[in-house]
Amino acid sequence: MFVKGIYNNFKRYWFLMTQLISRDFKVKYKRSVLGVVWSLLYPILMMTVMAIVFSQMFKFKVEGINYLVYLMTGIIMFNYFSEASHAAMTSVVENFLLINKVYIPKYIFPIAKCMFVGINFVLTLIPWLGVIALSYVGLGEYVCHFNWYYLILPYIFFCFFLFTVGVGLFLSCVSVFLRDVFYIYGIIITMWNYLTPVFYSIEILPEKLQFLMQFNPLFQFLNTTRTIVVYEQAPSLGTLGILGGIGIVTLLFGAYVFKKNQDKFIYYV
Amino acid sequence: MIDIEHVSMRFNLGIEKEFSIKQAFVNFLSPKERKKRKKKEEFWALKDVSFHVAQGEVVGLIGSNGAGKSTLLKVVSGVMKPTKGKVTVRGVISPMIELGAGFDGNLTARENIFLNGAILGYSKKFLIDKFDEIVEFSELRDFLDVPVKNFSSGMVAKLAFSIATIVNPEILIVDEILSVGDIKFQEKSKKKMMELIKGGTTVLYVSHSLDSIRDLCTKVVWLDHGKIVEMGKTNKICDDYYKEQLR
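Encoded structure:
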């Protein structure tokens with residue numbers, strides 16, 4: 010009954026969702042010569058810069074594995090989260106004019122943003138797979154073999170998406186009442202970036218921090234993906250269960266806070 | 002059918018102040034003061050408004066600026082939830098409150114037809130079918146691939162009106178839109194409205210032009226400071242309202 014209601018609502022506003030996403034794409038690449046190619050080119054160039062900075066200048070590496078693939082996996086996933094949650098956070102306030110004039114379910118805005126950035130994320134998987142393939146011919150010393158566990162990746166990314174939507178819903182709701190969140194979150198995301206092993210390995214941390222890291226959801230997602238791609242091992246069923254749990258619980262929490270407060274938005278935006 | 006029962010709507014005028022550090026500090030020091038001020042800053046945009054709009058009726062709302070007309074429309078269209086009371090609406094609503102609110106200036110007219118159509122709840126198939134009709138009515142075929150930010154306000158209004166009226170909605174909510182575009186387009190849009198009304202659509206119509214109210218409406222509700230002053234037969238209410246305004 011409950012699920013069916015959500016499904017019907019989604020179906021009804023699906024067209025609007027696609028329109029909002031395609032608007033974001035059109036606006037993003039308006040008047041740029043390369044257009045959508047930038048979605049592919051940008052992560053490649055970014056990666057090149059990061060790879061040079063971390064592996065050549067800072068001499069970062071993790072023993073016994075392909076550091077380039079390790080780094081790139083961390084960056085594309087962390088970037089997805091940081092971009093999507095940020096865009097979702099501002100989405101409700103930005104669309105104030107619409108919310109104030111026409112009835113539209115408001116959750117559509119943060120979700121559409123998470124999807125829009127999600128499509129970009131899927132595009133960045135192409136250069137990512139390219140780098141993994143290039144490891145066969147010597148890029149980054151160690152070879153990362155493609156393996157059957159890759160079939161689990163969509164599940165991990167899907168849980169990651171649910172987690173991001175949950176955070177996005179929560180932030181977009183809170184920021185309506187407290188615009189300070191825009192600035193605070195900028196600081197939080199920077200801190201989170203350094204507290205998550207994006208470009209370093211968890212082993213360089215003191216043992217206490219290593220233990221605490223287990224409670225960092227982003228670490229869980231990054232780590233599981235790397236287990237498959239970099240370490241070529243199967244993640245345990247328990248870990249996969251935890252990822253699903255993180256995704257669903259965060260989503261439900263975000264949705265609950267959002268639903269509880271959405272009728273008040275109109276007075277604050 | 003629209004049923005409005007004892008609807009009241011409260012706004013808090015002090016909301017902008019409420020969230021500053023200074024205010025939080027003052028509140029912390031004197032909580033009593035806060036309660037008092039809150040009461041003072043309350044503003045009731047609608048007070049116990051009740052009326053019924055039957056199927057096919059065209060109801061006009063009149064009243065001076067700030068009387069609560071637009072708030073009432075927003076409550077009926079679901080944009081706002083009433084503080085007290087209940088609104089029951091049976092049928093699909095097409096809200097024409099502030100045309101073109103859903104336009105994105107960076108997109109072309111063609112792209113905006115789809116975006117705005119989606120916002121108004123049209124399906125993709127419907128929009129593809131009706132695309133030519135919309136363009137024809139808006140008289141903007143030559144400007145289809147121009148970004149809307151380069152349009153004049155008249156052109157924007159014409160495009161928005163054409164998109165909004167392409168459906169045969171069961172309930173139409175209209176806020177002062179017949180005065181868009183040039184004289185020719187005004188006549189055309191008025192004709193279009195008449196067509197919709199004759200087709201059995203229920204209409205809630207806000208306007209400051211008593212002439213158009215007299216032309217279109219079967220019943221009029223006169224609002225003042227959030228309360229209903231009088232409602233009933235179009236001509237009588239319009240006359241009373243006009244006399245009151247001149248006084």
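Going down the list, the sequences are from chains L and D.
Residues 10 to 278 (the numbering used here) make up the first sequence, in order.
Residues 2 to 248 (the numbering used here) make up the second sequence, in order.
Every residue, glycine too, gets a C-beta built ideally from N, C-alpha and C.
Model, not experiment: these values are computed from the prediction.
- Task: Sort Val71/L, Lys35/L, Glu241/L by Cα distance to Tyr159/L and report the nearest one.
- Result: Among Val71/L, Lys35/L, Glu241/L, the Cα nearest to that of Tyr159/L belongs to Glu241/L.
- Task: Output, in chain order, the set of chain C residues within a Cβ distance shorter than 7 angstroms of Leu134/L.
- Result: The structure shown contains no chain C; its protein chains are L and D.
- Taking Cβ positions only, does Tyr206/D come closer than 9 angstroms to chain L? No, no contact with chain L.
- Trp223/D beta carbon less than 9 angstroms from that of Gly64/D: Yes.
- Message: On the CB-based measure, 16 or more other CB atoms within 10 Å of its CB, does Asp272/L come out buried or exposed?
- Response: Around the CB of Asp272/L, fewer than 16 other CB atoms lie within 10 Å, so the residue is classed as exposed.
- Return the bridge partner residues of Met97/D from the DSSP annotation. Under DSSP, the beta-bridge partners assigned to Met97/D are Val175/D.
- Message: Cβ closer than 9 angstroms: which chain D residues qualify as neighbours of Arg235/L?
- Response: Going along chain D, no residue has its Cβ under 9 angstroms from Arg235/L, so there is no contact; the nearest lies around 39 angstroms.
- Item | Proximity of Arg111/D and Asp146/D at Cβ, strictly below 9 angstroms | If you check the CB distance, Arg111/D and Asp146/D come in under 9 angstroms.
- Taking the continuous alpha helix (DSSP H) assigned at His154/L, which residues delimit it? For His154/L, there is no enclosing alpha helix (DSSP H), as DSSP marks it with neither H nor E.
- Alpha carbon to alpha carbon, how far is Phe67/L from Ala287/L? Give it in angstroms, no decimals. Since the first residue shown for chain L is 10 and the last is 278, residue 287/L is missing from the structure and cannot be characterised.
- Nearest residue (CA-CA) to Phe1/L, options Leu246/L, Ser144/L, Phe267/L: Look at the range of chain L in this structure, 10 to 278, and you will see that residue 1/L is not part of it.
- Is the Cβ-Cβ distance between Cys182/L and Asn270/L less than 9 angstroms? The answer is yes: Cβ separation under 9 angstroms.
- Below-9 angstroms beta-carbon distance, Tyr28/L vs any chain D residue: The question names Tyr, yet the displayed sequence has Gln at residue 28/L. Chain D contact via Cβ: present.
- Task: Rank Pro226/L, Ser100/L, Pro215/L by C-alpha distance to the C-alpha of Arg188/L and give the top, closest one.
- Result: Ser100/L is the residue among Pro226/L, Ser100/L, Pro215/L whose C-alpha sits nearest the C-alpha of Arg188/L.
- Message: For Asn109/L, would you say it is in contact with chain D, using Cβ-to-Cβ distances shorter than 9 angstroms as the test?
- Response: True, the Cβ-Cβ gap to chain D drops below 9 angstroms.
- Query: Nearest to Val152/L by CA position, among Ile53/L, Tyr79/L, Leu261/L, is which residue?
  - Reply: Closest by alpha carbon: Tyr79/L.
- Item | Close Cβ partners of Phe118/L (< 6 angstroms) along its chain, the five nearest in sequence each way excluded | Taking Phe118/L as the centre and dropping the five residues before and after it, the same chain places the C-beta of Ser100, Val101, Asn104 closer than 6 angstroms to its C-beta, in chain order.
- Query: Under the three-state reduction of DSSP, which class applies to His226/D: helix, strand or coil?
  - Reply: His226/D falls in the coil class under three-state DSSP.
- Item | Nearest to Val54/D (by Cα), restricted to the options Ser213/D, Leu121/D, Gln246/D, Thr203/D | Comparing Cα-Cα distances from Val54/D to each of Ser213/D, Leu121/D, Gln246/D, Thr203/D, the minimum goes to Thr203/D.
- Query: What does Gly79/D touch in chain L if you count any residue whose Cβ is under 8 angstroms from its own?
  - Reply: The answer, in chain order, is Tyr112.
- Using a threshold of 8 angstroms, is the CB atom of Phe19/L nearer than that to any non-hydrogen atom of the ligand NAD? Judged by which ligands are present, the structure shown has none, so any question about the ligand NAD falls away.
- Boundaries (first-last residue) of the alpha helix (DSSP H) holding Met124/L: If you look at Met124/L, you'll find it in the alpha helix (DSSP H) that goes 117 to 143.
- Is the Cβ-Cβ distance between Phe104/D and Val149/D less than 9 angstroms? By the CB criterion at 9 angstroms, Phe104/D and Val149/D fall inside the cutoff.
- Assigned exposure category for Asp33/L - 16 Cβ within 10 Å defines buried: Within 10 angstroms of the beta-carbon of Asp33/L lie 16 or more other beta-carbons, which makes it buried.
- Looking at the structure shown, is Leu217/D part of a helix, part of a strand, or coil, going by DSSP? DSSP, reduced to helix, strand and coil, places Leu217/D within a helical segment of the structure shown.
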